[in-house]
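Worksheet: the structure to be examined is printed underneath.
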Amino acid sequence: MGRAGRRGPAQRGAGLPELKRRGRARSRREGLEAELQRLDLGAEAAAPTGTGLVYDEEFAASVDGSPPEAPEPLSASWAKLEQLGLAQRCVRVQCRPATDEELLLVHSPDYLARMELNPTPAAGSSRRAVGSLLSLLRKVLSGDVRNGLALLGPPGRHEEPDGTSGRFNGVAIAAKEARSGGQRVLLVDWCSRPSWTLPRLFQDDPGVLYFGVHGGPAPPGPPRPLSVHVCWEEVGVTSGDFAAAFLQLLLPLGCQFQPQVVVVAAAFDTGLGAPQGHIGMTPEGLALLTHLLGALAGGRLLLALEGPAEQGGVGAVLRALLGDSGDPPPACAPSPGGLASVARALATYGPFWSCLRRHEPRGEEDDEEQQEDEEEAEALGGPEEAEEPPGTPPEEDGEEEEEEEEAAAAPWPRPAARTALLHDQRMEEHVNPWDSQHPERPQRLRRILERLEELGLAQRCLRLRARLASVAQLRACHTASHVGALSACRRLSPRELQSLSGRYPSLFLCPRSFRCARLAAGAACAAVSAVLGGRVQNALAVVRPPGHHAGPGSAGGFCLFNNVAVAARHGQRLAGGALRVLIVDWDVHHGNGTQEIFEDDPSVLYVSLHRHDGSFFPGGPGGSPRRRGRGGGSGFTLNVGWGGPRAGDADYLAAMTRLVLPVALQFAPQLVLVSAGFDAGRGDPLGGCLVSPQTFGLMTHLLGALAGGRLVLVLEGGYNLGVTAEGVAQCLGVLLGNPPVLPPPGAPQPAALGALARTCRLLEGAWTCLRLPAPPAEPPKGEDGDDVTRPPDDVTGGPPTPLDTVLRLERLHLGAGPPPGHAQGAEPPPDPTQGAEPPDPAQGVEPPPDPAQGVEPPPDPAQGVEPPDPAQGVEPPPDPAQGVEPPLDITQGAELLADTGHGAGLPPGSAPWLLWEELEEGAPFAVTPLRDCPHLGAVAPPPGGRVLREPRPPCAACGSRRENWVCLSCYQVLCGRYVRGHMEAHGGAHGHPLVLSLRDLSSWCYRCGGSCSPPRPSFTASNSAATPPPSPCDPPKPPPLLKGYTRANPPQSPAAPKPPRAPGWAGPTVGGG
13 MGRAGRRGPA QRGAGLPELK RRGRARSRRE GLEAELQRLD LGAEAAAPTG TGLVYDEEFA
73 ASVDGSPPEA PEPLSASWAK LEQLGLAQRC VRVQCRPATD EELLLVHSPD YLARMELNPT
133 PAAGSSRRAV GSLLSLLRKV LSGDVRNGLA LLGPPGRHEE PDGTSGRFNG VAIAAKEARS
193 GGQRVLLVDW CSRPSWTLPR LFQDDPGVLY FGVHGGPAPP GPPRPLSVHV CWEEVGVTSG
253 DFAAAFLQLL LPLGCQFQPQ VVVVAAAFDT GLGAPQGHIG MTPEGLALLT HLLGALAGGR
313 LLLALEGPAE QGGVGAVLRA LLGDSGDPPP ACAPSPGGLA SVARALATYG PFWSCLRRHE
373 PRGEEDDEEQ QEDEEEAEAL GGPEEAEEPP GTPPEEDGEE EEEEEEAAAA PWPRPAARTA
433 LLHDQRMEEH VNPWDSQHPE RPQRLRRILE RLEELGLAQR CLRLRARLAS VAQLRACHTA
493 SHVGALSACR RLSPRELQSL SGRYPSLFLC PRSFRCARLA AGAACAAVSA VLGGRVQNAL
553 AVVRPPGHHA GPGSAGGFCL FNNVAVAARH GQRLAGGALR VLIVDWDVHH GNGTQEIFED
613 DPSVLYVSLH RHDGSFFPGG PGGSPRRRGR GGGSGFTLNV GWGGPRAGDA DYLAAMTRLV
673 LPVALQFAPQ LVLVSAGFDA GRGDPLGGCL VSPQTFGLMT HLLGALAGGR LVLVLEGGYN
733 LGVTAEGVAQ CLGVLLGNPP VLPPPGAPQP AALGALARTC RLLEGAWTCL RLPAPPAEPP
793 KGEDGDDVTR PPDDVTGGPP TPLDTVLRLE RLHLGAGPPP GHAQGAEPPP DPTQGAEPPD
853 PAQGVEPPPD PAQGVEPPPD PAQGVEPPDP AQGVEPPPDP AQGVEPPLDI TQGAELLADT
913 GHGAGLPPGS APWLLWEELE EGAPFAVTPL RDCPHLGAVA PPPGGRVLRE PRPPCAACGS
973 RRENWVCLSC YQVLCGRYVR GHMEAHGGAH GHPLVLSLRD LSSWCYRCGG SCSPPRPSFT
1033 ASNSAATPPP SPCDPPKPPP LLKGYTRANP PQSPAAPKPP RAPGWAGPTV GGG
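Take my numbering: the last position of the sequence shown gets the number 1085, and nothing is skipped along the way.
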């Protein structure tokens, strides 16, 4: 054998340490393969397909024409769906009325009996809507269809169990039906007006997570971990605000909660042109939310549309359910007010859910890394490598270049097929002549293709032929000298090949390497051509050698040419302009070559998730989050560097929801390319991370929401053959339309949160979507978990005086006019307590509290109470002589409810909260007292018979007018927990537990943790209604941190039966996921 055939010295026998190492590696490999076999990826477990659709003319008749400002009636939306051909592609579900047994899941027998005695057309339509919705739900749960849309009427999501409007709460009944089968339910409410009924019905059920996105204030009382509210406090909410709420809150919560079905109350009054909602959701935004929800519960998604709908929104949602692609949506960024609302929700529910917690890196860490970056930059600085003289053109390998077959196509044609698969067996000819066990070996592709064939995924794809990339395509990203040097591989001897390989870090070359590298780059270009040309919606290129380490004039890290970069430039050339391209690189190694190529190009947004811990390849400062691009491309390079190994599923999901997707939505790409390396997978010999195959599929699904679904995945690294094959299979299944499989629940690591926070902070100047406000300071809480701290001299916890407090609450009058029911100038009614015998403590009634016994008396204006000082930031009362608005008079104005129609048929226990808008001057409300709250003894008479001297009094501590409350003991006006928390602090300092909301006039007891005597509208016009009886006070709730709240010990109402257990979830706990 000549010198060319020598392979080096023969291997010696392995010693005992080597044999032990191999044994441990074999044990780990066998355990990992056994775990991968348990993944439910087999062809026999194919995901359900099809979309169910419910509609009946009777539903349209129940809502058409009311209210008159509705965007479009339901029948017009149905006609539009038929015109677009969307309705014909769905599985029609037969409509039927609900049975009494089904209605009794939520409603009381008395309510059904009243409906039988006084039947109305609305009750009949509502019963039929509920039955049809349940039929669709059962088809989804049984797997007959994957998801479904129900166009229903009349709406009933606000209906209480013992309501008065003659309607039924179909969404609640559907959730109860799913719970009866042991399913964990995610209940999403994206209507503009909140439904307090839905969260209250399931507040003690650990198998239901309610997520509401609506306008108006948060519900009164302490937050509940399974009742999450994102409250828009400003009008003009956009699609970007809803997307921020879904990404920052809903998706992390869903991945930790692991629902088995998602039920959505989708009133489309959030759409553009809907004057009721004051929200500007676009059809593209509604489709985005639907796509994101499809990542949960295996795609088992049920949308219940109640009431009139906007045609474009319904069509967009149905397209998303069917898996269709659309035009790339416009840029979508949250507003400052929307980000503030999201930040408040994160601060509120972060203590309950570990997946929502935030972390800020320490300042000294930033200073140290900045100094290291500067030192390394100086060490690596200098002029760029000069190109070789023009006399060394690229050499060809003797084969003809294949001509491009692209034809000029429509800008965004509808794809004829869904997914293209590109592979060429000739790529396996790239081998390491000196090490047959090199990690980057031909068996990688062979194992992937075998697995795809085994699962039946490859057969469902459009197989496209990989072409050799032309020299012109390569020169779009690489220098002529680099292309020319590699083109000589076929003529070099083994020694010369080894010498050429030594010029680059971690690279091997063989005579076929140049052709294999051209095939890899050409396959990526062909995939982009197929997607932009309209042949397919998305594509997967299974190629080698990888490419993301190859720079303009260099190779390395097993990479010869940068396949993804060449494909991006090829796509921009096909588009004939500045095509906006997003490149997401989730390979565990930093794509230093891709970053170098596009560092100054604002048309390409490069995002890399990688290890950045010292000497981990490729090393150096390039992967630092401080590298954000340069020149015109400043801010278009995003580096998330994990500070070490063991980054896992929750860390990558947090990166996607907190950074990648928000920035991508604001960037609005027209094409998404993924450097899909699987060496971050658990068990990879080089990566050292813990990402499961399911997470790769989930990230693919999330990226499919961008660019109208135009997504191309190009294989990079991945050196555990089994892990890489399963990861690729998960991604291809999602590309083909299968729902993603959620990884096991978990919480992001503190180090990963620090890396994400640092990147976001460094880039918030370039991307407004990253400017989350700092969370508000937490108000003081007592050690026992109460919302206010109990002082030593607090006597409100003693036995109450029901009669006295009831009479005082009935005399409470907020306003300038006389109390309701008394004419102007009339003498006030006699005090019932005057002349009566004092209460007898022996009969269970205590006398009124005595100020001498430690109860603080209310301030008396006659005794010289000091007015507020404007110099201290507190506004003085308005002066009527200066044209200031008169004091708020809550003695008139039933016209508000009568004119809007929102006041009719309000259910008991929640009526006024349906009207979250500011009350007009003159809206009458009476506070009906609660007779069994043990802390009503703290209520004192109002000073001077009046409380408010202006319509919206400011907080006495900070001057805020956004959400203020009145203390019913001393009648100070202070802001609530979602502003600065001054009322809670005041209650803790003085022991005043009862407060009254100035927004909806509901009263709240901090001690009980519930609403005390929710206000009822007092109608005096022709459409007057009787005041419903008061509801009982909520039972005491566990502390806000829910100490000890586990699956074995869920919070339960004393009288409520325990709901069926939902296996597989332990509930949100403090400090864990």
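Beta carbons: idealized from backbone N, C-alpha and C, even for Gly. Since we're looking at a predicted model, the values are computed, not measured.
Residue interval of the alpha helix (DSSP H) (run including residue i)
i: ASN604; result: 604 to 610
i: GLY297; result: 295 to 305
i: THR360; result: 348 to 361
i: GLU114; result: 112 to 115
i: ARG139; result: 133 to 154
i: THR209; result: 209 to 213
i: GLY739; result: 733 to 747
For residue j and residue i, the rounded distance between their alpha carbons
i: PRO954; j: LEU238; result: 37 Å
i: VAL443; j: GLY563; result: 22 Å
i: GLY645; j: ARG530; result: 28 Å
i: LEU671; j: ARG639; result: 16 Å
i: LEU28; j: ARG34; result: 10 Å
i: ALA186; j: PRO235; result: 25 Å
i: LEU464; j: GLY565; result: 35 Å
i: ARG592; j: GLY729; result: 25 Å
i: GLY233; j: GLY631; result: 52 Å
Close beta carbons around residue i, own chain, < 6 Å, minus the five adjacent residues each side
i: LEU509; result: LEU521
i: LEU221; result: LEU198, LEU238, PHE269
i: LEU931; result: Residue confidence for LEU931 is low, a pLDDT of 34 falling below 50, so the modelled location carries little weight; the figure read from the coordinates is stated next. Nothing meets the Cβ criterion.
i: TRP598; result: LEU621
i: GLY700; result: PRO657
i: CYS1017; result: CYS945, HIS947, PRO1005, LEU1006, CYS1024
i: HIS713; result: ALA307, VAL746, PRO752
Bridge partners - residue i, DSSP secondary structure assignment
i: PHE223; result: VAL200, VAL240
i: ASN181; result: In DSSP, ASN181 forms no bridge with anything.
i: HIS622; result: GLY653
i: ASP597; result: SER620, SER687
i: GLY660; result: LEU702
i: GLU975; result: None; GLU975 has no bridge partner.
Chain-order list of residues whose beta-carbon lies under 8 Å from that of residue i (same chain, five-residue window excluded)
i: GLN485; result: ALA533, GLY534, CYS537, VAL578, ARG581, HIS582
i: GLU94; result: GLN100
i: ARG108; result: ARG140, GLY143, SER144, SER147
i: LEU334; result: THR63, LEU98, ARG101, CYS102
Candidates the options, of which the one nearest residue i by Cα
i: LEU164; options: SER138, LEU480, GLN682; result: SER138
i: PRO348; options: GLU296, GLY252, PRO427, LEU300; result: GLY252
i: ASN732; options: GLU441, ARG191, MET711, SER704; result: SER704
i: ALA429; options: PRO697, LEU544, LEU782; result: LEU544
i: SER482; options: HIS490, ASP122, GLY647; result: HIS490
i: ALA88; options: ARG585, ASN976, GLY325; result: GLY325
i: THR707; options: ARG722, ALA659, GLY993; result: ALA659
i: PRO1106; options: GLU975, GLU996, HIS435; result: One cannot answer for residue 1106 here, as it falls past the ends of the chain, which runs 13 to 1085.
i: ALA539; options: ARG722, ALA676, GLY709, ARG515; result: ARG722
i: ALA279; options: GLY745, LEU161, ARG369; result: LEU161
i: LEU768; options: HIS226, GLY653, GLU611; result: GLY653
i: ALA134; options: ASN181, GLU114, LEU96; result: ASN181
i: ARG369; options: VAL978, SER981, ALA763, SER505; result: ALA763
Enclosing beta strand (DSSP E) for residue i [first to last residue]
i: THR780; result: No beta strand (DSSP E) contains THR780, which DSSP labels as neither H nor E.
i: LEU498; result: Run containing LEU498: none in the beta strand (DSSP E); it sits in the alpha helix (DSSP H), 492 to 499.
i: THR649; result: 649 to 654
i: TRP1016; result: 1015 to 1017
i: VAL66; result: 63 to 66
Beta-carbon contacts of residue i that lie in its chain and below 7 Å, excluding the five residues immediately before and after
i: PHE71; result: LEU86, SER137, ALA141, LEU163, LEU164, GLY165
i: GLU30; result: none
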